[in-house]
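Q:
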Amino acid sequence: MKVGVLHSRIRRDEKLLLNELRERDHAVHKLDVRDRSFSIDQAGDQFATLELVVDRCLSSSRSRYLTAWCERHDIPVVNSATTAATCADKVRTSLALSEAGIPTPRTEVAFSIDAALDIMDDLGYPCVLKPVVGSWGRLMARIESRNMAESLLEHKATLGHYEHKVFYLQEYIETEGEDLRIVATDGVPIAGMRRSSDHWITNAARGAEVASIEVDSELETLVANVDAAVGGGLLGIDLMETQDGYTVHEVNHSVEFNALNSVAPIDVPSAVVDWLESICLETTAVSS
Amino acid sequence: MTDEACIVCDATVALPADVELGEIVDCLTCGSELEVTGIDPYALEEAPELEEDWGE
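Taken in order, these protein sequences are the chains called A and B.
So this note's numbering is basically just the index in the first sequence, starting at one, shifted up by 680.
So this note's numbering is basically just the index in the second sequence, starting at one, shifted up by 22.
1. For a contact meaning CB atoms closer than 9 Å, what does A/E788 contact in chain B?
2. State the Cα-Cα distance for the pair A/V903 and A/D878, rounded to the nearest angstrom.
3. With a threshold of 8 Å on Cβ separation, who are the neighbours of A/I782 within its own chain once the five nearest residues in sequence on each side are excluded?
4. Where A/D866 and A/L914 are concerned, what is the direct C-alpha to C-alpha distance, given to the nearest angstrom?
5. Could you name the residues of chain B that A/V935 contacts, counting a contact when the two beta carbons are closer than 9 Å?
6. Could you check what DSSP says for A/Y745 in three-state terms: helix, strand or coil?
7. If you drop the 5 nearest sequence neighbours on each side, which residues of the same chain put their C-beta closer than 6 Å to that of B/T34?
8. What does the alpha-carbon distance come out to for the pair A/T784 and A/V868?
9. Does the structure place the stretch 830-842 of chain A close enough to the stretch 874-892 of chain A that three or more beta carbon pairs sit under 8 Å?
10. With a threshold of 7 Å between beta-carbons, can A/S958 be considered close to chain B, or not?
11. With DSSP collapsed to three states, give me the class of A/T729.
12. Tell me whether B/T51 sits in a helix, a strand or coil according to DSSP, three-state version.
13. On a Cα-Cα basis, can you pick out the residue from B/P38, B/L43, B/E42 and B/E55 that is closest to B/V30?
14. Quick one: list the residues of chain B neighbouring A/K710, beta-carbon separation under 8 Å, in chain order.
15. From A/S719, A/T787 and A/N759, pick the residue whose C-alpha is nearest to that of A/V771; which is it?
16. State yes or no: is the beta carbon of A/K695 nearer than 7 Å to at least one beta carbon in chain B?
17. Determine the DSSP secondary structure at A/Y842, reduced to helix, strand or coil.
18. Could you please give me the residues that DSSP links to A/Q850 through a beta bridge?
19. What residue range is occupied by the uninterrupted beta strand (DSSP E) comprising B/A36?
20. So for A/W816, helix, strand or coil by DSSP?
21. Would you identify the three-state DSSP class for B/W76, choosing helix, strand or coil?
22. State yes or no: is the beta carbon of A/N941 nearer than 7 Å to at least one beta carbon in chain B?
23. When you compare the CB of B/D48 with every CB in chain A, is at least one pair closer than 7 Å?
24. Indicate whether A/S688 and A/V713 have their beta-carbon atoms separated by less than 7 Å.
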């Protein structure tokens with residue numbers, strides 16, 4: 681398989697993937713997106729020879745544009761441009777999950793401070809304010825009071841990029857510092873883990889402790905439905921456990937799996953490469 | 023494993039044997055994040071600052 685890997689910084693996750701691909705004797709072409717430009721009209725010779733491109737851009741904007749660019753030039757790419765565009769934007773993710781009937785925390789969007797305050801009063805305190813674009817728990821806020829809400833919204837409206845004036849608000853769900861992460865390919869779970877933290881943000885990149893979990897049939901069904909809702913591919917699906925069942929609060933399209941790999945009973949990068957090989961076989965069969 | 027000098031504090035930074043172009047290594051002395059920008063010969067630069075749209 682001749683596979684191109686779109687990247688900038690190489691995380692531990694990309695390194696695991698690159699090593700696994702090379703161990704299987706695949707021809708790996710690292711494509712640092714910072715070193716090149718992308719003609720709108722032509723893909724160029726290097727891309728024409730690739731059987732599959734894997735988008736591992738750290739930047740969601742690069743990811744959105746370059747997956748679309750690949751598709752424009754009929755270069756097989758994972759994840760798809762649809763998946764990248766949907767998952768890179770929390771509003772679009774929420775709309776997709778809602779349309780598919782997938783349980784999520786109550787979510788509201790507002791475009792003015794007054795409208796946001798009305799929503800927050802209705803959600804009650806604490807509630808959660810998130811940026812529409814971003815990851816690793818950055819700029820997420822648990823709003824404890826109306827006073828805090830007023831201050832934070834004013835700061836965001838005054839100091840931020842225009843996207844910070846899109847107020848994405850969610851009910852706060854008490855999980856005692858725990859949530860679940862399932863990594864899946866085309867809706868089939870590879871493995872899952874529980875993330876536990878003293879902080880209300882339970883991201884592994886911020887030091888949460890992780891432990892492997894068994895993926896039950898309810899989770900399997902939910903993961904398949906999430907995959908279909910957002911466009912499918914290699915995804916990291918984050919869920920919380922509530923009294924009423926699971927609720928999905930995030931879907932990641934450039935998923936980090938290093939932490940999961942450290943606790944899962946399965947070799948996660950190996951499973952990902954199995955999946956890449958299967959896609960390559962499918963696309964080769966279709967084109968021949 | 024190869025030892026290189028940190029470009030910020032000049033302390034020794036250990037690069038793993040399978041180091042990749044674009045990989046981030048930490049200087050354990052000054053705490054700087056360094057990006058591997060060359061392999062033959064090895065080159066290190068200060069890693070770029072975190073951008074708002076980075077992540078998963």
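The beta carbon of each residue, even a glycine, is placed where N, CA and C say it ideally should be.
Remember, predicted model here, so these are calculated numbers, not experimental data.
A: Working from what's here:
1. Translated into positions along the first sequence, residue 788 of chain A becomes position 108. Per Cβ cutoff of 9 Å: no residues; A/E788 is ~22 Å from chain B at best.
2. As a first step, residue 903 of chain A must be located in the first sequence, where it is residue number 223. As a first step, residue 878 of chain A must be located in the first sequence, where it is residue number 198. Near 27 Å, if we compare the C-alpha coordinates of A/D878 and A/V903.
3. For the purposes of this step, residue 782 of chain A is taken as the residue at position 102 of the first sequence. Cβ within range, chain order: L902, N905, V906, A909 and V928.
4. Reading the first sequence from its first residue, position 186 is the one you call residue 866 of chain A. Reading the first sequence from its first residue, position 234 is the one you call residue 914 of chain A. About 6 Å.
5. In the first sequence, counting from the first residue as 1, residue 935 of chain A sits at position 255. Correct list: E78.
6. Locating residue 745 of chain A in the first sequence gives position 65, counting from the first residue. A/Y745 falls in the helix class under three-state DSSP.
7. Residue numbering aside, residue 34 of chain B sits at position 12 when the second sequence is read from its first letter. Once the five neighbours on either side are set aside, the close Cβ partners of B/T34 are D25.
8. Residue 784 of chain A sits at position 104 when you count from the first residue of the first sequence. Residue 868 of chain A sits at position 188 when you count from the first residue of the first sequence. Distance between the alpha carbons of A/T784 and A/V868: 20 Å.
9. no
10. For the purposes of this step, residue 958 of chain A is taken as residue 278 along the first sequence, with counting starting at 1. Not an interface residue.
11. By one-based count along the first sequence, residue 729 of chain A stands at place 49. The answer is coil: DSSP assigns A/T729 none of H, G, I, E or B.
12. Position 29 of the second sequence, counted from the start, is the residue given in the question as residue 51 of chain B. It is coil, neither helix nor strand.
13. Sequence index remark: in the second sequence, residue 30 of chain B carries index 8 (1-based). The option with the nearest alpha carbon to B/V30 is B/E55.
14. Start at 1 with the first residue of the first sequence, and residue 710 of chain A comes out as number 30. Those within 8 Å of A/K710 in chain B are E42, L43 and G44.
15. To locate residue 771 of chain A, count along the first sequence from 1; it is residue 91. Out of A/S719, A/T787 and A/N759, A/T787 has the C-alpha closest to the C-alpha of A/V771.
16. One-based indexing of the first sequence puts residue 695 of chain A at position 15. True, the Cβ-Cβ gap to chain B drops below 7 Å.
17. Residue 842 of chain A sits at position 162 when you count from the first residue of the first sequence. Looking at A/Y842 - three-state DSSP - the assignment turns out to be helix.
18. Sequence index remark: in the first sequence, residue 850 of chain A carries index 170 (1-based). Note: A/Q850 sits in a beta bridge opposite A/T787 and A/V808.
19. Numbered from its first residue, the second sequence carries residue 36 of chain B at position 14. It spans T34 to L37 - the beta strand (DSSP E) in which B/A36 sits, taken as one unbroken run.
20. In the first sequence, residue 816 of chain A corresponds to position 136, counting from 1. It is coil, neither helix nor strand.
21. Taking the second sequence and counting its residues from 1, one reaches residue 76 of chain B at position 54. It is a strand residue.
22. Position 261 of the first sequence, counted from the start, is the residue given in the question as residue 941 of chain A. No, because no Cβ of chain B sits closer than 7 Å to the Cβ of A/N941.
23. For the purposes of this step, residue 48 of chain B is taken as the residue at position 26 of the second sequence. Answer no: the Cβ-Cβ gap between B/D48 and chain A never drops below 7 Å.
24. The residue you call residue 688 of chain A lines up with position 8 of the first sequence. The residue you call residue 713 of chain A lines up with position 33 of the first sequence. In contact: A/S688 and A/V713 (Cβ atoms closer than 7 Å).
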